[in-house]
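Asker: Numbering (this note's numbering), first residue to last: 1046 to 1328.
Backbone N, C-alpha and C define an ideal beta-carbon position, used for all residues, glycine too.
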Amino acid sequence: MKRRHLLKTLGAGCLGMTVAPELLAAAARGHFAGKIYSPDDGLKDYLHKIKNFNKPHDGDVQLEHNLYQTFESTVMRLRRLQKLVGHGNFNILNFTDGLALARNYPKVGKFPKEELKFLEIVFYEDGQRYGFMGQKPITEITEQIKKKDVLKIPRSGNFLYKDRSVELFEEIKKEVGDQVILTSGIRSVMKQFLLFLNKVYESEGNLSLASRSLAPPGYSFHGNGDFDVGQKGYGKLNFTGTFTETDVYKKLAELGYLKLRYPEDNRLGVRYEPWHIKINVSV
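1) Under the three-state reduction of DSSP, which class applies to LEU1196: helix, strand or coil?
2) Kindly indicate which three-state DSSP category LYS1166 falls into: helix, strand or coil?
3) Would GLU1185 and THR1119 qualify as a contact pair, given that the criterion is a beta-carbon distance under 9 Å?
4) Give me, in chain order, the residues of the same chain whose beta-carbon lies closer than 7 Å to that of SER1256; leave out the 5 immediate sequence neighbours on both sides.
5) Considering only residues of the segment 1091-1156, which uninterrupted alpha helix (DSSP H) runs meet the minimum length of 4 residues and lie entirely inside it, listed in chain order?
6) State whether the segment 1097-1105 contacts the segment 1231-1243, with contact taken as three or more CB pairs (one from each stretch) at a distance under 8 Å.
7) Using C-beta distances below 8 Å, list every residue in its chain close to THR1285, excluding the 5 sequence neighbours before and after it, in chain order.
8) Alpha helix (DSSP H) containing GLN1237: first to last residue?
9) How many angstroms separate the CA atom of ASP1208 from the CA atom of GLU1109?
10) One question on the structure: do ASN1136 and ASN1203 come within less than 9 Å of each other, judged by their Cβ atoms?
11) Exposed or buried, which one is PRO1151 when buried takes at least 16 other CB atoms within 10 Å?
12) Whole-angstrom Cβ separation of PHE1214 and PHE1272, contact assumed at under 8 Å?
13) DSSP state of VAL1315, grouped into three classes?
14) Give the straight-line distance between the Cα atoms of ASN1111 and GLU1216, rounded to the nearest whole angstrom.
15) Quick check on this structure: which residue in VAL1293, GLY1131 and PHE1168 has the alpha carbon closest to the alpha carbon of LYS1219?
16) Please state if the CB of LYS1323 and the CB of ARG1306 are separated by a distance shorter than 9 Å.
17) With a cut-off of 8 Å on the beta carbons, I'd call LYS1281 and VAL1221 a contact; round off their distance for me.
18) Rounded C-beta distance between SER1106 and LEU1252? I'm assuming under 8 Å.
19) Going by C-alpha distance, which of ILE1190, GLU1117, TYR1264 and LEU1088 is nearest GLU1249?
20) Which word fits THR1228, buried or exposed, when buried means at least 16 other C-beta atoms lie within 10 angstroms of its C-beta?
21) Which class does TYR1175 belong to by DSSP, given the choice of helix, strand or coil?
22) Have a look at LYS1192 and ASP1103 and give me their C-alpha separation to the nearest angstrom.
23) Going by DSSP, which residues form a beta bridge with VAL1225?
24) Within 10 angstroms of the Cβ of ALA1298, are there 16 or more other Cβ atoms? Answer buried if so, exposed if not.
25) Please list the terminal residues of the continuous beta strand (DSSP E) segment that includes LEU1282.
26) Skipping 5 residues on each side, what residues in its chain have a beta carbon closer than 7 Å to that of TYR1113?
27) Does DSSP put LEU1252 in a helix, in a strand, or in coil?
Here is the structure:
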């Protein structure tokens, strides 16, 4: 699809107007370079890519060069927005509220049309195009997280959904002990945008590489109740394979809490995440 046709298609696509998601996804396919990615292309090759998830591989899908300037400015604006509201509050910041805050605070600045179009393209793109084979539990970019439904977990900077997630986390703490900590809870669409696009930025536009360790916006079950746990004092190592060597992991495994969303050698295009606790929520 040519650039001028893309702009025409998405002209009414800024928030508040109606553009069919399938049109946005179709438009996105014109700006991500590479064939449709499939783990069925070769199991051995696929498992090699997942094992070496943080390295570029042949066939990875790259962001088109003509979108890179808009992509960079979008990432920087999202970073400024997170700094404005704080990391904790940013976890549950809805897309609509985020746009309003950016517009009202010059230090962040209003999202221009080209950045909004870019965000919509990323959100409505089929993740399978660049290798993410999981389900998409959040199908609307304006999905709301209601504050009355969430609880901030003390000394974590994270929120969990009341009842299902809080109940399970409290149960885990009771059984495993004080060494278990919450490392990541609810993530709004806006938060997932920043996490995913930051990873794309670090990987110089490699969408496939980013999706092997971070779900694209809309595809993260952190928006539906899943959460991450870790070993107290273990820092960033809680998000590595060495987490499996900790006492917390061993107790979680022993007590049967490891119903993982992304188990080892999964076929979803995602690295092994032994820290990710799955909440059974229908999609």
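Answerer: The answer reads as follows:
1) strand
2) The sequence as given places Ile at residue 1166; Lys does not occur at that position. Residue state, collapsed to three classes: helix.
3) no
4) GLY1172, TYR1175, GLY1176, PHE1177 and GLY1314
5) 1113-1130, 1132-1135 and 1140-1149
6) no
7) none
8) 1234-1247
9) 43 Å
10) yes
11) exposed
12) 7 Å
13) coil
14) 50 Å
15) VAL1293
16) yes
17) About 20 Å; that fails the 8 Å criterion.
18) With the sequence shown as reference, residue 1106 is identified as Val, and Ser is not the correct amino acid for it. Sure, about 5 Å apart at Cβ, within 8 Å.
19) GLU1117
20) buried
21) helix
22) 43 Å
23) GLN1276
24) exposed
25) Taken as a continuous stretch (DSSP letters only), LEU1282 belongs to no beta strand (DSSP E), as it is neither H nor E.
26) GLY1250
27) helix
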